Each structure stands twice: as C-alpha cells, then as structure tokens.
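Read through the structure below, which is laid out as structure tokens, and then see the notes.
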Amino acid sequence: MHYSPEPFRIKIIESIRLISRPEREAALKEAGYNLFSLKAEDIFIDLLTDSGTGAMSQEQWASLMRGDESYAGARSYYRLKIAVEDIFGFKYFVPTHQGRAAENILSACLVKPNQWVPSNMHFDTTDANIRARGGRPANLVIDEAHDPANPHPFKGNMDIAKLKAFIATYGREQIPFGMITVTNNAGGGQPVSMENLRAVADVYHAAGIPFFIDAARYAENCFFIKQREPGFESKSVNEIAREMFALADGMCMSAKKDAIVNIGGLLCVNDENLFADIKNELILREGFPTYGGLAGRDLDAMATGLYEGLNEDYLAYRLQQTSYLATRLNEAGLPTIQPTGGHAVYVVANEVLPHIPNYEFPAQSLAVELYREGSIRGCEIGSVMFACLDPETSIWHYPKLELLRLAIPRRTYTQTHMDFVADALCRIKSRACSLRGYRLTYAPGLLRHFTARFEPL
Ligand code: F0G
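One point on numbering: in this note's numbering, the residue at position 131 of the sequence shown is 116, and numbering is uninterrupted.
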C-alpha cells in the first residue's frame, strides 16, 4: 500500500518506554486485567482513544502563550469566535470544557421526561446526558452499519424511512430535537453523506424539529465526502463543512478530536431564545459565556486547531494512517469493520477468537493479549461495555459485535508505530486458539468497563 509521509516534522518529543514482558504481566495483574486501570507510563503505544491525545502544533503552543486569561471578554474568546463563525456559520456559540458539557447543557435546556431524541447512533455520553434528563435516545442508523463486512461508503447514514416512521409514531411534541453524529463513532467511525444529511434535515424541518449535529469528527467526515461522494471532488473541506452546518440548527462538539486540542468543546445554535437559556445553564455549570470552563489559553489553542483540523494534507495523511493499519491487519487475515473509518480501526474480535463465547469477553481477551504482547492499549467495545441484564427476566443481552477499537491519536504516532501494532496483532493471530476468556470478579452496575476487575479463565 502507498503511504504518504507525515506532513510535519518532529520538534518536541515525549519519550515512551517499552517495559519488559514480566513487568507487563505484573501490571496487568495489578490492574485486574482492566486496561483502564494501567498506569499510562507502563504503556508503549496508547490507542485507548483519539480524544484529547493528539499532538499540538508549534502554532497551537504559541497560541497557549498568547492566551488571554481575562475573566470576561478575553481576546482569546474573540479569536475563537472568528474561527467558529467562519467554519460553522451558526449565529451563537459558547465554549465548553468538553463535548459532554455541551450535551449536558443542550439536554438540560431542551429535554423533558419521556421525550425522544433520535440520531444515527448517539455516542455514550450523549445517550447518558439525554437519559439524565429523563429522555430517551433512539438510534436509527442504516442496517448496513451492523454488518462489519459491508463496504457501504457511508455507513453512518441515518435510515430515512425509519426516521419518518419514528416521527409519525411519537410526534413532534415528543421530540425536542433530532441529532446526527459525524462521523459515527459508536458505529465504527463511519461517515454520513451530504445527501443523507440533506434528507435528514428535510425530514426534521418538515416536522418542525430542530436539527443538531454532533460534530466531534466533522472534518474527517467532510474529507470522506470529498473522497467518496460524487459532486464534491473539487470542493474544499471548508466549503463542504459550511454546506453541512448550513443544514442544521446547531451543534455540539468535542474539540478534543478534530480541533486537535487536549481539552475543549463547543455548543452552537441559531435560536436566540435557546441561546439565552444555554448561557444561563453555562454560567451555572461551566463558567462565564466567554470562557465556558476553559482557560483563555485553551480557547486560543482551539481557535488555531480548528483550522489545522481542516487542512487537507493533514486529513489525507490522517485517514491514510488509519487505513494503513487496517490494511496491514486485513492482509494478515484479521477482520476489521469495513470500510475503515476515520479515527480508529475496529478489530472484529469474535471472528478472531470464535472459540471464546461472548460471556467470556473475547474482545477483552484480545485487548489484554495486545498489551501483554506489545505493551499496546486498545479499548474493548463489546460485552464488557454493553452487555446488560434484563431486570424482569434476569436474562443477559449481549451486543451483536465484540470489537477491539484501536483509536489513533492525531499527529502523535508514526508509521513505524503502526507497523509495531500490526506486527503484534499478527503474532497473536498465529496463536489465537490458545487465548482464553475472562471472568468478572468485580463489576459496578453502571458503566462497568471503567472499573471492573477480571480473572483469566
Ligand atoms: N460525541 C462523540 C461522537 C464522541 O466520540 C465523544 C467522545 C463525545 C461526543 C464526548 O466528548 O469526551 O469531549 O466529552 N469520545 C471519546 C472517545 C471519549 O474515546 O471516543 P468529550
């Protein structure tokens, strides 16, 4: 596979250390075989998340130095305002400390008990913030999204027929707003097409329902549109982004992804009355509307990072790095969600380890083995995270897929690092049948993947 070189050179480095196999084994035991409980220092390549883990540029570090820490009306806020208006085009915005804070404020302002919020697929914090207000999130992604081998170019698309039927069933009064997540993280980092976004906007607007975009990885989504959707080849990613956001009434964004900052978020809207409510919520929970829970330097770095995240040389390299890793795994017979998404490679662990049943956590087994083999941390997205017990029948429901997500931090690791990861997984593949499952020894009732402890079987 052709691999274009990284469009940057390295000026500051952070050393990483590959500890020995016995040290890794001891670290695993100490962590109860839960990779969230490892010390980051004991990890060589950390692919747990691409959120807040990217490398800032020299311009962003310079922005940090220029940050204005005034409580109200800081210069850095006005720099950010120019970037946000230029890129997204909404009338009003507030900064927030991260994406979930924007989701919390939006849900607090709009969601009432028993109301529904449809999306292609809600990310888990969005889902939880809607539920926290008594609301009910609904996922209406196209069926192709559930088949990991299906090569559909826009597997993040919403099923328009399902959306229409959903609105007909529950009615506008029960749907305070509708959403769509670009790219669809919960479904493999898959993009949504402009055609689908237009159709979704039309359906929401015909019913009088405000339309919000979860824009965490919007730049990657726009670059996929440029690459894959007829009619967009010669448009710039900026133009595509403007076209996308012009369809919506607002957006929530975790800036820790495509704005390439270590902390930050945005909430944008066009409705003046809603904006007034948002500012009141923000002051209560985050801070004054011109800093929203961030330091002035964070606002400044975000203003710079928003433009860098749209740079097409960077985006071409970014998506290619992800697809390079996936291709290397696929060539070795390791199945991943197809086509490869923007920010992560999702290994289909139940196909790599068919002898381990879902109740013995095959994706957890693969994640633990990858740390043992290469000191590499990925993230289980399978039965540890999503299996749930039906309180009425006492029957466990298991998710359809057992995935190991390898999320790639932005501008942080090189191609050699990707080769190191691929080589480690290939070695595991050759002895896959010797891997065993895991048993939970401790699990809290909610969000158990963060703190659960395991024992090897
Ligand atoms: N929306 C999407 C699509 C996300 O992927 C995330 C975070 C959020 C919202 C919440 O943003 O973390 O800034 O509060 N995703 C991270 C991940 C945590 O690892 O995928 P946040």
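For every residue, glycine included, the Cβ atom is placed at its ideal position computed from N, Cα and C.
Only a predicted model underlies this, so the values are computations on that prediction, with no experimental measurement involved.
First through last residue of the alpha helix (DSSP H) which encompasses residue i
| i | result |
| --- | --- |
| Leu388 | It is not in any alpha helix (DSSP H) - Leu388 instead sits in the beta strand (DSSP E) that spans 388 to 392. |
| Val185 | 179 to 191 |
| Val369 | 368 to 371 |
| Gly216 | Per DSSP, Gly216 belongs to no alpha helix (DSSP H) and is neither H nor E. |
| Arg85 | 84 to 95 |
| Ser61 | 60 to 73 |
| Tyr56 | No alpha helix (DSSP H) contains Tyr56, which DSSP labels as neither H nor E. |
| Leu304 | 297 to 316 |
| Val406 | 400 to 415 |
| Tyr292 | 281 to 293 |
| Arg270 | 257 to 270 |
| Arg395 | It is not in any alpha helix (DSSP H) - Arg395 carries neither H nor E in the DSSP assignment. |
| Leu432 | Where Leu432 is concerned, there is no enclosing alpha helix (DSSP H), given that its DSSP letter is neither H nor E. |
Where the beta strand (DSSP E) through residue i begins and ends
| i | result |
| --- | --- |
| Phe196 | 196 to 199 |
| Arg121 | 121 to 124 |
| Glu158 | That residue, Glu158, is in no beta strand (DSSP E); it is neither H nor E in DSSP. |
| Phe78 | 77 to 81 |
| Ser239 | 235 to 239 |
| Cys253 | 250 to 254 |
Cβ shell of residue i (< 6 Å), same chain only, five flanking positions each side left out
| i | result |
| --- | --- |
| Asn247 | Gly37 |
| Leu374 | Trp381 |
| Pro347 | Ala334, Asn335, Leu338, Ile341, Glu387 |
| Ala244 | Met287, Gly290, Leu291, Gly294 |
| Asn170 | Phe108 |
| Ala186 | Phe196, Leu232 |
| Ser61 | Gly52, Asp53, Gly281, Leu284, Asp285 |
| Pro133 | Ile322, Val333 |
| Gln349 | Glu365, Val369, Tyr423 |
C-alpha gap between residue i and residue j, whole angstroms
| i | j | result |
| --- | --- | --- |
| Pro103 | Glu377 | 26 Å |
| Gly235 | Ser0 | 41 Å |
| Thr312 | Ala240 | 28 Å |
| Pro394 | Tyr203 | 16 Å |
| Pro161 | Asn19 | 38 Å |
| Cys364 | Val167 | 20 Å |
| Leu370 | Cys237 | Going by the sequence as given, residue 370 is Met instead of Leu. Cα to Cα, the separation comes out at about 24 Å. |
| Arg390 | Leu442 | 23 Å |
| Leu13 | Leu425 | 14 Å |
| Ala233 | Ile225 | 13 Å |
| Pro176 | Leu33 | 21 Å |
| Ile72 | Tyr344 | 46 Å |
| Phe435 | His(-13) | 38 Å |
| Asp144 | Ala150 | 10 Å |
| Pro324 | Pro136 | 5 Å |
| Arg9 | Phe208 | 39 Å |
| Gly444 | Ala329 | Since the displayed the chain opens at -14 and closes at 442, residue 444 lies outside it and no answer follows. |
| Leu91 | Pro215 | 34 Å |
| Arg118 | Trp101 | 11 Å |
| Ala123 | Ala113 | 12 Å |
| Gly422 | Val353 | 10 Å |
| Glu54 | Ala86 | 21 Å |
| Gly84 | Gly163 | 17 Å |
Any non-hydrogen atom of the ligand F0G closer than 7 Å to residue i Cβ
| i | result |
| --- | --- |
| Asn170 | yes |
| Ala392 | yes |
| Arg83 | The question names Arg, but residue 83 in the sequence shown is Gln. Yes. |
| Thr397 | no |
| Asp408 | no |
| Asp199 | yes |
| Ser36 | yes |
| Lys140 | no |
| Gly163 | no |
| Thr307 | no |
| Ser379 | no |
Per DSSP, the bridge partner or partners of residue i
| i | result |
| --- | --- |
| Ile361 | Ile30 |
| Trp101 | Arg121 |
| Asn452 | Shown here, the chain extends from -14 to 442; a query on residue 452 therefore has no answer. |
| His382 | Cys373 |
| Phe439 | Leu425 |
| Val332 | Thr321, Leu389 |
| Met143 | Val126 |
| Gly163 | Phe196 |
Beta-carbon contacts of residue i that lie in its chain and below 7 Å, excluding the five residues immediately before and after
| i | result |
| --- | --- |
| Val28 | According to the sequence as given, residue 28 is Ile; it is not Val. For Ile28, where only same-chain residues beyond five positions count, the Cβ hits under 7 Å are Ser360, Arg362. |
| Asn181 | Phe139, Asn142, Met143 |
| Arg157 | Ala192, Gly193, Ile194 |
| Leu65 | Pro80, Leu284, Met287, Ala288 |
| Ser42 | Glu293 |
| Gly278 | Thr81, His82, Ala86, Glu271, Gly272 |
Cβ shell of residue i (< 8 Å), same chain only, five flanking positions each side left out
| i | result |
| --- | --- |
| Asp35 | Lys242, His328, Ala329, Ala392, Ile393, Pro394, Arg395 |
| Tyr309 | Met(-14), Tyr(-12), Gln400, Met403 |
| Ala409 | Leu355, Glu358, Gly359, Ile361 |
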